[in-house]
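Below is one structure, written out as C-alpha cells, with a few remarks after it.
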Amino acid sequence: MSLSISCKKKTEETTEPPVPVATTPTETVVDEPVVPVTVETETAPSPIERLQTLKGAMGDVYFDFDKSDLRDDTRATLQRHAAVLDANADINVLVEGHCDERGTEEYNVALGERRAERVRSYLVSLGIDASRMRTVSYGEMQPKASGHDEESWAQNRRAHFVLSINE
C-alpha cells in the first residue's frame, strides 16, 4: 500500500497594476458670515409724504405792487401747477392770497382775495375742476418776509397753495 500525500499546486495570481485615479486639488472653503439682504419693495408713499412732495412742486406765485393781474412768469408756473393737479385728481387746493404791508388792512384783504380768485380762475381755465379749489385772503396778516423794504414786500405779494387729500 502506498500512500502519497501532496499539496495542491499553487497558482500564481496576477494582479493588474492600479489604474491611476484623477484627483482634484482640494479647495479650502472659508465660511463667511451670512449677511441678510434687504429687498426694498416699492411701496406707495404715505399721504403725508405725498403731500410734502406735491407741496414742493406747488410753489408760491407772485404779483406786482397793487395788482392782481397774472404776470407771464406766474402763468408759466400755474401751468406747471395745473399739470401736477391734473395728475393728482384726489388733491384739493386752498389758494391763499397775500399782500405786503402797504395799504389799509381792508384794502389788502380785498386785494388778496382778488389775487387768490385770479389764480383759481386761471387754473380752472387750464382744466382743473373748480370744486377742488377754495380761496381765502390773509391780506397783510401772514407775511412771508418780515423786512420793510421792496425785496421783502415783493415776497409778500403772493398766492400760496395749501394742499389736502380728498378722501
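If you count the sequence shown from 1, position 93 lands on 93 in the numbering used here, and the numbers rise without skipping.
All C-beta atoms, glycine included, are put in the ideal place defined by N, C-alpha and C.
Owing to the predicted nature of the structure, the values given are computational and were not obtained by experimental measurement.
- In this chain, the alpha helix (DSSP H) harbouring I48 covers P47 to A57.
- Per DSSP, reduced to three states, the secondary structure at E140 is coil, with no helix or strand assignment.
- Taking 7 Å as the cut-off, the Cβ atoms of L85 and I48 do not count as close.
- Taking a C-beta distance under 7 Å as the contact criterion, R157 and D100 qualify as a contact pair.
- Counting the other CB atoms within 10 Å of its CB gives M141 a total below 16, which places it among the exposed residues.
- As the crow flies, the alpha-carbon of D90 is around 18 Å from that of L78.
- Collapsing the DSSP output to three states places L123 in a helix.
- If you ignore the 5 residues before and after A130, its C-beta comes within less than 8 Å of the C-beta of R120 and V124, all in its own chain and listed in chain order.
- Here K144 has Q155 and N156 as same chain residues with Cβ atoms under 6 Å from its own Cβ, once five neighbours each way along the sequence are excluded.
- For the 7 Å CB-CB criterion, N92 and G139 do not form a contact.
- If you look at E151, you'll find it in the alpha helix (DSSP H) that goes E150 to N156.
- Distance between F65 and V95, taken at the CA atoms: about 19 Å.
- In terms of CA proximity to E113, H160 leads the group H160, E42, N166 and T53.
- Distances from the CA of R50 to each of T135, N88, E105 and R118 were compared; the closest alpha carbon is that of N88.
- Shortest Cα-Cα distance from H81 to any of N166, V162 and H98 involves V162.
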